[in-house]
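Going letter by letter, the sequence shown gives residues 101 to 319 in the numbering used here. Worksheet: one structure, shown below.
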Amino acid sequence: MFRPLPPPFARAKPPADAADGTAAGGGTDAPFVSPHVAANLARRQAMFDRATLDAAHVPAPGEAVHLLLDGRYDLMHLVAALAGRVGPVGHLRIATLSLNKRNLAEIARLADAGTVARVSLVCSYYFTTADTAVWAAVRAAFAARGWRAAAPRCHAKVVTLDGPAHRLSLEGSANLRSNRNFEQLLVCHDPGLHDWHARWIDAAIDRHENDQSRDGAAG
101 MFRPLPPPFA RAKPPADAAD GTAAGGGTDA PFVSPHVAAN LARRQAMFDR ATLDAAHVPA
161 PGEAVHLLLD GRYDLMHLVA ALAGRVGPVG HLRIATLSLN KRNLAEIARL ADAGTVARVS
221 LVCSYYFTTA DTAVWAAVRA AFAARGWRAA APRCHAKVVT LDGPAHRLSL EGSANLRSNR
281 NFEQLLVCHD PGLHDWHARW IDAAIDRHEN DQSRDGAAG
């Protein structure tokens, strides 16, 4: 279901000493991946593998599944695994206190693959003041795709996915990014619950999308 990302850079091709292009020193040229990048790719794949196992059972209509997350992957990895199973997802809505650039990259990959068409995000105002670089990246990435994001006083952790035959709601204690703690999660297949969460997330964005400042420390 998930494939490792291609290496972001390659080693310059060494001089060939044979007519067939064999590199000096023997062997053919191959992409080079630094140990740091290789470790990150392996870690990402391990996270997806674990999340995919936890997403193996998609609840049927009227059914709910309880999960205990052990901090070995981000909630975003589970969202991606579920989207891959029930997609294409027309609208992915996310309410989280915080996220990181890795989560943002995974969201972009889902969109680039055609797994998700549209994303709306509500996160905590406190997060936007504590991690301004990530929030700036979120705003830029979402604006480029015509998506919407807002940062009211939010402590909710909810995700909704609307697939062709599924309208799922994820409710729990986990933010989109992992914090290496135990977290509980409920995955529910109920159109009414999905639509209720969708309405308040959309309303929060309508109200706070253009907020530039707010009194007090929110979150």
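Glycine included, C-beta positions come from ideal geometry on N, C-alpha and C. None of the values given here were measured: they were computed from a predicted structure.
Along the alpha helix (DSSP H) that carries residue i, what are the first and last residues, could you check?
i           : result
residue 267 : Unbroken run through residue 267 is the beta strand (DSSP E), 267-272; no alpha helix (DSSP H).
residue 186 : 175-186
residue 239 : 232-245
Would you check if the distance between the CB atom of residue i and the CB atom of residue j is smaller than 7 Å?
i           : j           : result
residue 182 : residue 155 : yes
residue 216 : residue 189 : yes
residue 309 : residue 248 : yes
residue 263 : residue 186 : yes
residue 286 : residue 166 : yes
residue 163 : residue 289 : yes
residue 242 : residue 198 : no
residue 171 : residue 275 : no
residue 202 : residue 260 : no
residue 236 : residue 305 : no
residue 169 : residue 283 : yes
residue 254 : residue 222 : yes
residue 239 : residue 174 : no
State the start and end residues of the unbroken beta strand (DSSP E) segment that holds residue i.
i           : result
residue 289 : 283-289
residue 250 : 248-250
residue 158 : Premise fails: residue 158 is in no beta strand (DSSP E) and is neither H nor E.
residue 311 : Run containing residue 311: none; DSSP gives neither H nor E here.
residue 170 : Run containing residue 170: none; DSSP gives neither H nor E here.
Residue i bridges to which residues according to DSSP?
i           : result
residue 223 : 196
residue 216 : 189
residue 164 : 288
residue 261 : 192 and 268
Counting C-beta neighbours from all protein chains within 10 Å, is the total for residue i 16 or more, i.e. buried, or is it exposed?
i           : result
residue 220 : buried
residue 151 : buried
residue 294 : buried
residue 210 : buried
residue 267 : buried
residue 196 : buried
residue 311 : exposed
residue 160 : exposed
residue 273 : exposed
residue 270 : buried
residue 180 : buried
residue 184 : buried
residue 301 : buried
In this structure, how does DSSP classify residue i when only helix, strand and coil are distinguished?
i           : result
residue 204 : helix
residue 297 : helix
residue 122 : Summary for residue 122: the model assigns pLDDT 42, below 50, so the residue's position carries little reliability; its value from the coordinates is reported in the next sentence. Coil.
residue 210 : helix
residue 151 : helix
residue 304 : helix
residue 318 : The predicted model places residue 318 with a pLDDT of 43, which falls under 50 and marks its position as unreliable; any figure quoted below should be read in that light. Looking at residue 318 - three-state DSSP - the assignment turns out to be coil, as it is neither helix nor strand.
How about residue i: is its C-beta nearer than 7 Å to some C-beta of chain B?
i           : result
residue 267 : Chain labels in this structure do not include chain B; a single protein chain is all it has.
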